[in-house]
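>
2 protein chains.
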Amino acid sequence: MRCGAGIDARMVDELAINIDPIQAGGRLTADAMKAVIAYGDGYSVCDNCRKPNRLDYITKPPIAQFHKDLASWLNMDTARVIPGARRGFQAVAHTYVKPGNPVLLTSLSHYTEFLAIEEAGGVACEIPADGHLIVTADATAAKIEEVKKDFGRAPALAFIDHVDYQYGNVHDVQAIAKVAHQYDIPVLCNGAYTVGIMPVDGKNLGADFVVGSGHKSMAAPAPSGVLAATAEQAKDVFRTTAITGDVTGRKFGIKEPEMMGCTLMGVTLVGMMASFPHVKERVKHFDRELANTRIVVDALLSIQGTNVLSEYPRKHTLTRIDTTASFDTVAQSHKKRGFFFSGALSEKGVFGIIPGATRVWKFNTYGISKVQAQYLAQVFADIARENGLKTGS
Amino acid sequence: MRCGAGIDARMVDELAINIDPIQAGGRLTADAMKAVIAYGDGYSVCDNCRKPNRLDYITKPPIAQFHKDLASWLNMDTARVIPGARRGFQAVAHTYVKPGNPVLLTSLSHYTEFLAIEEAGGVACEIPADGHLIVTADATAAKIEEVKKDFGRAPALAFIDHVDYQYGNVHDVQAIAKVAHQYDIPVLCNGAYTVGIMPVDGKNLGADFVVGSGHKSMAAPAPSGVLAATAEQAKDVFRTTAITGDVTGRKFGIKEPEMMGCTLMGVTLVGMMASFPHVKERVKHFDRELANTRIVVDALLSIQGTNVLSEYPRKHTLTRIDTTASFDTVAQSHKKRGFFFSGALSEKGVFGIIPGATRVWKFNTYGISKVQAQYLAQVFADIARENGLKTGS
Chain A
0 MRCGAGIDAR MVDELAINID PIQAGGRLTA DAMKAVIAYG DGYSVCDNCR
50 KPNRLDYITK PPIAQFHKDL ASWLNMDTAR VIPGARRGFQ AVAHTYVKPG
100 NPVLLTSLSH YTEFLAIEEA GGVACEIPAD GHLIVTADAT AAKIEEVKKD
150 FGRAPALAFI DHVDYQYGNV HDVQAIAKVA HQYDIPVLCN GAYTVGIMPV
200 DGKNLGADFV VGSGHKSMAA PAPSGVLAAT AEQAKDVFRT TAITGDVTGR
250 KFGIKEPEMM GCTLMGVTLV GMMASFPHVK ERVKHFDREL ANTRIVVDAL
300 LSIQGTNVLS EYPRKHTLTR IDTTASFDTV AQSHKKRGFF FSGALSEKGV
350 FGIIPGATRV WKFNTYGISK VQAQYLAQVF ADIARENGLK TGS
Chain B
0 MRCGAGIDAR MVDELAINID PIQAGGRLTA DAMKAVIAYG DGYSVCDNCR
50 KPNRLDYITK PPIAQFHKDL ASWLNMDTAR VIPGARRGFQ AVAHTYVKPG
100 NPVLLTSLSH YTEFLAIEEA GGVACEIPAD GHLIVTADAT AAKIEEVKKD
150 FGRAPALAFI DHVDYQYGNV HDVQAIAKVA HQYDIPVLCN GAYTVGIMPV
200 DGKNLGADFV VGSGHKSMAA PAPSGVLAAT AEQAKDVFRT TAITGDVTGR
250 KFGIKEPEMM GCTLMGVTLV GMMASFPHVK ERVKHFDREL ANTRIVVDAL
300 LSIQGTNVLS EYPRKHTLTR IDTTASFDTV AQSHKKRGFF FSGALSEKGV
350 FGIIPGATRV WKFNTYGISK VQAQYLAQVF ADIARENGLK TGS
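Protein chains in written order, with numbering that gives the first Met the number 0: chain A, 0 to 392; chain B, 0 to 392.
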């Protein structure tokens, strides 16, 4: 089935249990799907844009209220929608980082945080995760002191991943932020894997900024996201334009340069908005999601030779697993090599593991039901047994 | 009908002739609508992302081919999709403009070009449009000389609107670029109102960059757009990342900092792709669109006191009209004031004129049929007659 010349209609989530590490939290809700159909046209949210002509002032659809609700839900003072979490990193880095400035992030940070630093001309300084792959307040303090010695100044900004993309481990943003603030370093909490997945209270975390991803974790179309700030930092990052035309004398009102004016003019924003009530509700039930993850992780651990590389017991649904001493031993002599594993998963209706991967791989059970989790557990155990691996059960 | 809590389903283009100045070129094609339904989920295009893990390398859906086709269609060497034309301005400004550098744009330039300059720390230098509201090569030469005198250097970059957003006038990018290049100034052609609307040949225009807007003119969801470059300039703006992690030694492959890595991970991109064959075809028939515009503009001009502020005869479907001496005289004594006009249009099934506006306003007939154009012409003439204005017919 095609949805355009050469473009096959995508039916992954209709036909399979999708445990792709980055896709699990971005599946649309039914309301978002309706919104996508109703607001597909470009500039569809601008029908009722009136002075002062800025996206977050539009009341029909209720975009203004959504912005207030987003900020309040994250327990921050101000929020803007953005085309992806990365554009939030970019705006904040551009505001605080001057060329040559050291900027803190972590040894588990996402590449887009590095790019934001690079674009601002900053120098990336990684706080090393500890032996348990957790970033700690102590390591943060040590790194800041090291940076001060090397650069003669404290870092200009800190990017701290609430949950990192590599292991899905939960880091103690609150304790880290407390240390950073002792050096007057503003802290951006990267909630790409938490905002929309589990409860996030920005002020309780001590974050100056909270960034979330619509397409990763808020059941919204791409590219979308949120940048929330405290009132104090909002003045910096959401400052309004000061430029004028030298001939016309034109000024540009309350447009915000770091946002490049309006950001999400249609389907992406309305998709986020339509999913929002469901997202607000689902974060309250993260315990159910964790219970499902544990069913699957425990099944994998019952396969002899399998290790979980993420912290254990799991505190997040994104998990990194090492099957070098289990499924990869099968791949060594299987005629399909590593593809036996993804092939078997596919035959059993499971999607989202990189084809060919049998050593270290990630999966995310977010959004599956308990029955699906039990089925997944069975699938992994069955593939193991069918290929002569020993299982604990 | 609602598509989410508090969100009314949008039915503007289903129920009315929509002549909104910014929305006309962004209405989805039927194929784009199918694509939006199939690819609504966040990260939906990443199912088959493999090494080197960059959006423009994905072959299923055929994103890699789309990038090549886009570049070739614009007669440029390289193209990237971006979250809106403004993000193309931002990337190019950030690449070429150092703090304090003068940057050329025009007295008719869009605010997002100003914001891009502001964000890069540049100084906006407007080339004044002439008495006919056209930006000329002569005015460009004069402005460059003025800038050289004032700043001791030539402008670092020039933003030239192919068709401006204020009047929909066509400017001679080719002649302007020739002048700019004599001073080694790279030229960005802002095709937000032309790419996807009328034929655009970047090399023939002499542009170093061509920027287009998906949601404004390529029948795509928002935010989307294209940044195309010559091979020479692509090396600058699409340079790959050079940052490394100081602890982990991590590098980030071929990700491009100005793009912040991948850009449109789902519905926005596939919407653009699905519309693309139709968009390529429709630009060949711009003459039909102009014929429709002329029917409507001539009807407006037949109403005594009405002037067209855009160049005439019209060369684009976006038109600025002055009805201060016609419809606004009615508004002066009408019990609904200026709202009589938008109210009457609405009753007759026409959408897109700012409610209350009776002096200077804009409309865009792009995409309507000849029959609809004739109907629109009749509607304007009828509203005039019904309110006691003289018409030439």
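No residue lacks a Cβ here, since even glycine has one placed at the ideal position from N, Cα and C. Keep in mind that this is a model prediction, so the values were computed, not measured.
1) With three or more C-beta pairs closer than 8 Å as the rule, is the segment 373-382 of chain B touching the segment 341-355 of chain B?
2) Could you tell me which chain B residues have their CB closer than 9 Å to the CB of A/T193, listed as they occur along the chain?
3) With a threshold of 6 Å on Cβ separation, who are the neighbours of A/F150 within its own chain once the five nearest residues in sequence on each side are excluded?
4) Under 8 Å, Cβ to Cβ, is there at least one residue of chain B near A/M264?
5) Can you tell me where the alpha helix (DSSP H) holding B/R287 begins and where it ends?
6) Please state if the CB of A/I81 and the CB of A/T139 are separated by a distance shorter than 8 Å.
7) Assuming B/A191 and B/K215 are in contact, meaning their beta carbons sit under 8 Å apart, how far apart are those beta carbons, in whole angstroms?
8) For the segment 330-343 of chain B, enumerate the residues whose C-beta is nearer than 9 Å to any C-beta of chain A, in chain order.
9) Check whether the segment 316-336 of chain B touches the segment 162-182 of chain B, counting contact only when three or more Cβ pairs, one atom from each stretch, lie closer than 8 Å.
10) In chain A, which residues lie less than 9 Å from B/T240 when you measure between Cβ atoms?
11) If you compare alpha carbons, which of B/D76, B/L388, B/I159 and B/V246 is closest to B/E112?
12) Using beta-carbon positions only, say whether A/I367 and A/N291 come within less than 8 Å of one another.
13) How would you call B/K97, buried or exposed, if buried means at least 16 neighbouring beta carbons within 10 angstroms?
14) What are the partner residues of B/V169, as DSSP defines its beta bridges?
15) With distances taken between CB atoms, is the gap from B/L27 to A/G213 smaller than 8 Å?
16) Under 8 Å Cβ-Cβ, which residues of chain A neighbour B/Y164?
17) When the Cα of A/Q64 is compared with those of A/A92, A/A37, A/D30 and A/A273, which residue comes out closest?
18) Does DSSP put B/A78 in a helix, a strand or coil?
19) Any beta carbon of chain B sitting closer than 8 Å to that of A/H315?
20) Is there a Cβ from chain B that is less than 8 Å from the Cβ of A/L132?
21) Rank A/N203, A/A34 and A/A92 by C-alpha distance to the C-alpha of A/H161 and give the top, closest one.
22) Give, in chain order, every residue of the segment 25-43 of chain B whose Cβ lies closer than 9 Å to some Cβ of chain A.
23) Just the C-alpha distance for A/H277 and B/N52, rounded to the nearest angstrom, thanks.
24) Just checking my contact of A/A92 with A/A119 at CB under 8 Å: how many whole Å lie between their CB atoms?
25) Measuring CA to CA, which of A/A34, A/K33, A/G5 and A/G121 is closest to B/T243?
26) With 16 other CB atoms within 10 Å as the buried threshold, where does B/M258 fall?
27) In terms of residue numbering, what span does the beta strand (DSSP E) encompassing A/V96 cover?
28) Near B/K177, which residues of its chain fall below 8 Å by C-beta distance, leaving aside the five closest residues on each side in sequence?
29) Taking a cut of 9 Å between CB atoms, which residues from the segment 149-183 of chain B lie near chain A?
30) Considering only the beta carbon of each residue, do A/V194 and A/L73 sit closer than 8 Å?
31) With distances taken from CA atoms, which of B/F208, B/S325 and B/V169 is nearest B/P185?
32) Could you pull out every unbroken alpha helix (DSSP H) segment of at least 4 residues lying fully inside the segment 320-357 of chain A, listed in chain order?
33) Following the continuous alpha helix (DSSP H) through A/I62, name the residue where it begins and the one where it ends.
34) In whole angstroms, give me the CA-to-CA distance for A/R79 and A/M197.
35) Taking three-plus beta-carbon pairs below 8 Å as touching, is the segment 334-345 of chain B in contact with the segment 381-390 of chain A?
36) For a contact defined as C-beta to C-beta under 8 Å, what are the partners of B/T267 on chain A?
On the basis of the data shown:
1) With the cut-off at 8 Å, the segment 341-355 of chain B and the segment 373-382 of chain B touch.
2) Those do not exist, as A/T193 stays about 15 Å from chain B at its closest Cβ, beyond 9 Å.
3) P101
4) yes
5) F285 to L300
6) no
7) 5 Å
8) none
9) yes
10) Y110, F113, L114 and E117
11) Here the closest residue by C-alpha is B/I159.
12) yes
13) exposed
14) B/V162
15) For B/L27 and A/G213, no; Cβs fall outside 8 Å.
16) None at all; the shortest Cβ gap to chain A is about 13 Å.
17) Comparing Cα positions, the closest option is A/A273.
18) Here DSSP, grouped into helix, strand and coil, assigns B/A78 to strand.
19) Residue contact with chain B for A/H315: absent (no Cβ-Cβ distance below 8 Å to any residue of chain B).
20) No, because no Cβ of chain B sits closer than 8 Å to the Cβ of A/L132.
21) A/N203
22) Contact residues of the segment 25-43 of chain B toward chain A are G25, R26, L27, T28, D30, A31, M32, K33, A34, V35, I36, A37, Y38, G39, D40, G41, Y42 and S43 (C-beta to C-beta distance below 9 Å).
23) Cα atoms of A/H277 and B/N52: separation of roughly 31 Å, rounded to the nearest angstrom.
24) Beta-carbon to beta-carbon, A/A92 and A/A119 are separated by about 4 Å, close enough to satisfy the 8 Å threshold.
25) A/G121
26) Classification of B/M258: buried, given that the 10 Å Cβ count is 16 or more.
27) Note, A/V96: premise wrong, no beta strand (DSSP E); not H, not E.
28) A136 and G205
29) none
30) yes
31) Residue B/F208 holds the alpha-carbon nearest to the alpha-carbon of B/P185 among B/F208, B/S325 and B/V169.
32) If you keep only unbroken alpha helix (DSSP H) runs of at least 4 residues inside the segment 320-357 of chain A, you get 326-332 and 338-346.
33) Note, A/I62: alpha helix (DSSP H), I62 to W72.
34) 20 Å
35) no
36) In chain order: P220, A221, P222, V266 and T267.
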